[in-house]
Amino acid sequence: MSDAFAQSLRIVESPADETKTASPSVSGAEDLGAPASPRGYSLSRKDAGDGEIGGELLEVAMGPQHPSTHGVFRMDVVLDGETVIKLKPIFGYLHRNHEKIAENTSYLGSMPYTDRLDYFCSMTNNWAYALAVETLAGIKPPERAEYIRVITAELTRLLNHTCLIGFLMQDMGAMGTPLMYAFREREKILDLFESLSGARMMCNYMRFGGCRVDLPPGWLEQAQRVADSYPRFLDEFEALLSENEILLARTQGVGVLPKELAVNASITGPMLRASGVNYDIRKVDKYGIYERFDFRVPLGSHGDVFDRYMIRVLEMRESLKILVPALKEISAGPIMDPKAKLRGFRPKVGEAYGRIESGKGELGFYLISDGSPNPYRYRVRPPSLINLTILEDMCLGHTVADVVVILGSVDIVLGEVDR
Amino acid sequence: MESIEQIKARIEAAISGVRIEIVRNEAPCAQHSLLVAAVHAAAVARFLRDDPELRFDSCSNVTGVDWLDAEITEKMKIKKVVEGVEKEVEEVKQSKRSGYLEVVYHLYSMEKKHGPVIIRLRTANRSDKVNLPSLTPVWRGCEFQEREAFDLYGIVFDGHPDLRRILMWDGFKDFPMRKDYVEPDDYEYEPTPHDDVLEKTKRHYPSEEVKA
Chain A
8 MSDAFAQSLR
18 IVESPADETK
28 TASPSVSGAE
38 DLGAPASPRG
48 YSLSRKDAGD
58 GEIGGELLEV
68 AMGPQHPSTH
78 GVFRMDVVLD
88 GETVIKLKPI
98 FGYLHRNHEK
108 IAENTSYLGS
118 MPYTDRLDYF
128 CSMTNNWAYA
138 LAVETLAGIK
148 PPERAEYIRV
158 ITAELTRLLN
168 HTCLIGFLMQ
178 DMGAMGTPLM
188 YAFREREKIL
198 DLFESLSGAR
208 MMCNYMRFGG
218 CRVDLPPGWL
228 EQAQRVADSY
238 PRFLDEFEAL
248 LSENEILLAR
258 TQGVGVLPKE
268 LAVNASITGP
278 MLRASGVNYD
288 IRKVDKYGIY
298 ERFDFRVPLG
308 SHGDVFDRYM
318 IRVLEMRESL
328 KILVPALKEI
338 SAGPIMDPKA
348 KLRGFRPKVG
358 EAYGRIESGK
368 GELGFYLISD
378 GSPNPYRYRV
388 RPPSLINLTI
398 LEDMCLGHTV
408 ADVVVILGSV
418 DIVLGEVDR
Chain B
465 MESIEQIKAR
475 IEAAISGVRI
485 EIVRNEAPCA
495 QHSLLVAAVH
505 AAAVARFLRD
515 DPELRFDSCS
525 NVTGVDWLDA
535 EITEKMKIKK
545 VVEGVEKEVE
555 EVKQSKRSGY
565 LEVVYHLYSM
575 EKKHGPVIIR
585 LRTANRSDKV
595 NLPSLTPVWR
605 GCEFQEREAF
615 DLYGIVFDGH
625 PDLRRILMWD
635 GFKDFPMRKD
645 YVEPDDYEYE
655 PTPHDDVLEK
665 TKRHYPSEEV
675 KA
């Protein structure tokens, strides 16, 4: 390695290392020698064992490269050549102590703030929080509100999965086209949300005991048109991608997550089901009115990136099987439980954990009430954060280029990881 | 799923000398929890995970809770003989509780599709005896969440493979989710200060400069 390159990398000798025990032929660490900087990139000698020159291990800060990480997520990776031998995700740059802020405001006051967790899926965030408060206080939303919740949640799932596939392709090097196709469909759904709640992404739509406003005239017909045109888009998307040779080569057998590890590491959502575990909270908890709809849970068999891609495509098709009948069956009626009290809401002393199947996995809220207008403890169970636990296990032994794809298939949003 | 009393009885039968209490939850959902003594936490966790009937193979949610020193007032109805007649009299009993930190684990079974069972561990106090056994060796999913409880509450998990700060930066000293945390006094200029900001402004500037 040339001195100029060594300088440009700010190479430092890592102090506690195998360097000391290496054989004489490889113990020339000082000629790499730039002055030791406190934290730079570092090279360390690889111990070949038999006196051969083993080369070096390179520690680099990798990322941000995923579109949703925009400068707030990186991985400290130790590389042997191009192979990853250690990986630690570093995050926390978007941390604003969401939970503390929510503990200092009323129950209703943190509803708009839940939009900012996973800012792609504000509707499901609202629902999870509303469900937790309803579990705590024993409120039951009326029939029409339950239908609106299912419709908006499934629209959110379509939007989330579509965009995730677009991002995954972007990560793989398919610049632009698939992502723009995905965003074109996302626009249609965001238009629906805008006409419903007044905001495209930060909807702040649901309330404990129902929903904020009723559907505007013509909304159901518009949603029906979106739902009817979606299978055609999915066919087009799949014709473009699913059998693409590059996609298959980049994703099959990459980032395999075994079933046992996935369960033990509390992985939830499409990632868990891609590993072949039949666990969908819509089926298990039957929250809302999901038991009325006939849909199936797609399962993967390999647990690799391709399965995670395919699970999301199949889940979108199953979502449409919920969406289409829900749009037909919805009946007129009130959208708020008349007994629910939004302002001055003081639940009795107690605690509750409410969870839903969001696009990314199990989104749960844990609330402890001490009888005051503010929650004593407010906790978000963020699926994005917990699904990152096994990122290292999936990436070990793969190349740097694969790490990008594996991270893309986890589906993280940093607003939720950092909170 | 078995009731919380049955699960408690099964744990007591399987692990000798274990101390478990049921913490009642008065909310309509009635998610009661099990308070486990810290020394037996790992054994109880293993039992809950491996027992073929229970199989709580996934630890969904881990979180810290901070309980400050508090005075607890309990209203009790006691039967008393007042002027020769037996009556129910309400009596207020006050007791002091010293503060502690608590970790709450929500367990679900993906195999049996039941849950949640909630277990709680409590530290001895809030200052120096804040160690609890880590359950990461039992459930890998606790890893990041226990790190978060360490980061924000200062609960030290013994046996955790990689206990570092996760959301705050490494040099950070305090534990921001504790109830007695005081935010740093980093005043930011605001042209028309009001409420809390006005109070802060007065601390930073002589009073004549502050125009509310």
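In order, the protein sequences belong to chains A and B.
To get the working numbering, take the position in the first sequence, counting from 1, and add 7.
To get the working numbering, take the position in the second sequence, counting from 1, and add 464.
Ideal Cβ placement from N, Cα and C applies to all residues, glycine included.
All values derive from a computational prediction rather than experimental measurement.
Asked                                                                                                                                 : Found
Cβ neighbour criterion (16 or more within 10 Å) applied to A/ALA135                                                                   : buried
Under 7 angstroms by beta carbon: chain B residues contacting A/SER308                                                                : What A/SER308 touches in chain B: nothing, since even the nearest Cβ is about 17 angstroms away.
Which of helix, strand or coil DSSP assigns to B/ILE475                                                                               : helix
Interface residues of the stretch 78-108 of chain A facing chain B [CB-CB below 7 angstroms]                                          : GLY99, HIS102, ASN104, GLU106 and LYS107
Strand pairing of A/MET213, partner residues [DSSP]                                                                                   : A/CYS218
Beta-ladder partner(s) of A/ASN133, from DSSP                                                                                         : Bridge partners of A/ASN133: none, in fact.
Inter-residue Cα distance where the pair is B/GLN495 and B/ILE583                                                                     : 11 angstroms
A/LYS157 at chain B interface by Cβ criterion, 7 angstroms                                                                            : Just to set this straight, residue 157 of chain A is Val in the shown sequence, not Lys. By this cut-off, A/VAL157 is not an interface position.
Bounding residues of the beta strand (DSSP E) (the contiguous stretch that carries B/ASN595)                                          : 595-597
7 angstroms Cβ cut-off: residues of chain A touching B/LEU631                                                                         : GLY99, HIS102 and ASP425
Near-chain B residues of the stretch 354-388 of chain A (beta-carbon distance less than 7 angstroms), N- to C-terminal order          : LYS355, VAL356, GLY357, GLU358, ALA359, TYR360, GLU369, GLY371, TYR373, ILE375, ARG384, ARG386 and ARG388
Paired residues, beta bridge with A/GLY361 - DSSP                                                                                     : A/PHE372
Cβ pair count under 8 angstroms reaching 3, the stretch 560-572 of chain B against the stretch 602-620 of chain B                     : yes
Length of the line joining the Cα atoms of B/ALA477 and B/GLN470                                                                      : 10 angstroms
The stretch 515-528 of chain B touching the stretch 368-385 of chain A, judged by at least three CB pairs closer than 8 angstroms     : yes
Closer than 7 angstroms to chain B by CB, A/ALA272                                                                                    : yes
Nearest residue (CA-CA) to A/GLU153, options A/ILE172, A/THR131 and A/THR169                                                          : A/THR131
Helix, strand or coil at A/MET208 according to DSSP, with G and I counted as helix                                                    : coil
B/SER573 versus B/GLU663: straight-line alpha-carbon distance, rounded                                                                : 51 angstroms
Helix, strand or coil at A/ARG388 [DSSP, three-state]                                                                                 : strand
Own chain partners of A/PRO71 with C-beta closer than 8 angstroms, once the 5 adjacent residues on each side are dropped              : HIS77, GLY78, VAL79, PHE80 and ARG81
9 angstroms Cβ cut-off: residues of chain B touching A/VAL411                                                                         : Ordered by position in chain B, no residue passes the 9 angstroms Cβ test against A/VAL411, which lies about 21 angstroms from the chain.
Cross-chain neighbours of A/ILE393 in chain B, by beta carbon under 8 angstroms                                                       : GLY605, PHE608 and GLN609
Candidates A/ALA189, A/LEU86, A/THR396 and A/TYR316: closest to B/GLY605 by CA position                                               : A/THR396
The stretch 281-314 of chain A: positions lying closer than 8 angstroms to chain B by Cβ                                              : VAL284, TYR286 and VAL291
C-alpha gap between A/ASN381 and B/ALA506, whole angstroms                                                                            : 34 angstroms
Segment contact, 8 angstroms Cβ cut-off, at least three pairs: the stretch 143-161 of chain A with the stretch 202-218 of chain A     : yes
Alpha carbon of A/ASN394 to alpha carbon of A/VAL263, nearest angstrom                                                                : 14 angstroms
Contact set between the stretch 122-144 of chain A and chain B, restricted to residues whose Cβ is under 8 angstroms from the partner : THR142, LEU143 and ALA144
7 angstroms Cβ cutoff, A/THR396 in contact with chain B                                                                               : yes
Identity of the residue in A/GLY295, A/PRO341 and A/VAL261 nearest A/ALA333 by Cα                                                     : A/GLY295
Residues of the stretch 493-521 of chain B with Cβ closer than 9 angstroms to any Cβ of chain A, in chain order                       : CYS493, ALA494, GLN495, SER497, ARG513 and ASP521
4 or more residues per run - each alpha helix (DSSP H) lying fully within the stretch 66-122 of chain A                               : 105-110 and 118-121
Cβ-Cβ distance between A/ILE288 and A/GLU369 below 7 angstroms                                                                        : yes
Interface partners of B/THR527 on chain A, CB under 7 angstroms                                                                       : TYR373 and ARG386
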